Amino acid sequence: MLKNNIYLIVLTFYMSVIGLDVIKLINLARKPTLNIDLSKYFFRTHMLVLFCGISLTLVAVIFEVNIFDYSKPIHYSNVEKISLKDFNGLKLPGQTLQGGNKFAFITSGIEFKKHKGIVNVNSYFHPARSYVYIDDLQNDDLLRHELYHFHITEIWARIFRKEISKFKDVPTSSMLNKTYVYIEAKRNAMQAEYDFDTNHSYLLGKQLKWQVKIDSMLSALSAYENTQIRF
């Protein structure tokens with residue numbers, strides 16, 4: 007969550023500082039008898055704007071979040087509606103894949119939350135942290151490969167739900183976090199294996215085999231499609 011919302015923290019800080027300066031200027035304007043050099047206040051405001059602008063840029067680069075074209079995460083239930091136009095992340099200059107620029111990168115993740123006797127586990131696609139290097143946004147093969155990365159995330163979200171459902175009582179936060187770490191390690195390993203085996207979708211035969219495998223796993227875990235686990 008931090009990677010997607012940190013820009014809001016910086017932006018809130020920025021707006022708060024500017025707001026405080028505006029209030030100060032208004033209060034000072036109401037006291038014309040005071041000998042005040044307003045240029046000092048404007049200079050400080052400008053420096054703070056510059057500082058926050060640099061901070062926003064650093065946040066965007068470090069966390070690969072496009073704060074200038076932010077879109078909220080898309081739930082897995084809407085996976086069929088995703089297109090390459092939704093990949094709004096920052097494109098770093100000169101980035102290539104095996105010497106070419108016809109590639110994309112998708113970011114998805116699992117989030118969980120416990121409230122009373124219910125644990126919610128959801129998988130999301132993050133548009134602001136996903137990007138595409140291609141002029142043709144109608145490349146179905148490229149989109150398909152990236153969406154299967156999202157399907158893999160959903161597989162492990164379902165396995166996560168399956169593991170949680172094994173607990174007899176409401177699991178503690180420690181138990182959930184421990185299970186989540188295990189799930190994340192497995193998910194990341196499968197994501198890497200998928201890219202390696204398919205050579206990032208360039209090996210069509212391998213790509214098709216993985217699609218069948220992933221579809222089969224999702225079907226086998228259909229009993230854990232419900233995002234809620236009740237105790």
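Counting from 7, one number per residue, gives the positions in the sequence shown under my numbering.
Positions of the beta carbon are idealized from the N, C-alpha and C atoms, including for glycine.
From a predicted model like this one, the values you see are computed outputs, not experimental measurements.
Between which two residues does the alpha helix (DSSP H) harbouring PHE173 extend? Note, PHE173: premise wrong, no alpha helix (DSSP H); not H, not E.
Our contact map puts PHE156 next to ILE116 with C-beta atoms below 8 Å; I'd like the distance itself, whole angstroms only. In this structure, PHE156 and ILE116 do not form a Cβ contact; the two beta carbons are roughly 11 Å apart against a cut-off of 8 Å.
How far does the beta strand (DSSP E) with ASN145 in it reach, from first residue to last? Boundaries for ASN145: no beta strand (DSSP E) harbours it, and the DSSP string shows neither H nor E there.
Pick from ALA110, GLU190, TYR200 and LEU224: whose alpha carbon is nearest that of ASP147? The shortest C-alpha separation from ASP147 is found at ALA110.
Alpha carbon to alpha carbon, how far is MET196 from VAL85? Cα-Cα distance, rounded: 19 Å.
Please state whether DSSP places GLU117 in a helix, a strand or coil. GLU117 falls in the strand class under three-state DSSP.
Cut-off 6 Å between Cβ atoms - residues of its own chain near PRO133, not counting five sequence neighbours on either side: Taken in chain order, the residues that qualify are SER77, ASP92 and ASN94.
In angstroms with no decimal places, state the Cα-to-Cα distance between PRO79 and ASN128. If you draw a straight line from the Cα of PRO79 to the Cα of ASN128, it comes to about 11 Å.
Helix, strand or coil: how does DSSP classify ASN84 here? Collapsing the DSSP output to three states places ASN84 in a helix.
Cutting at 6 Å between CB atoms, please list the residues of its own chain near ALA191, excluding the five before and the five after it. None.
Quick check on DSSP: helix, strand or coil for PHE131? PHE131 falls in the strand class under three-state DSSP.
Taking just the CA atoms, how far does LYS87 sit from PHE202? Distance from the CA atom of PHE202 to the CA atom of LYS87, rounded to whole angstroms, is 27 Å.
Close-in-space but distant-in-sequence residues of the same chain around THR159 (CB under 7 Å, 5 per side omitted): Shown here for THR159: same chain residues with a beta carbon closer than 7 Å to its own, the five before and five after excluded, namely SER114, GLY115, ILE116, SER129 and ARG193 in chain order.
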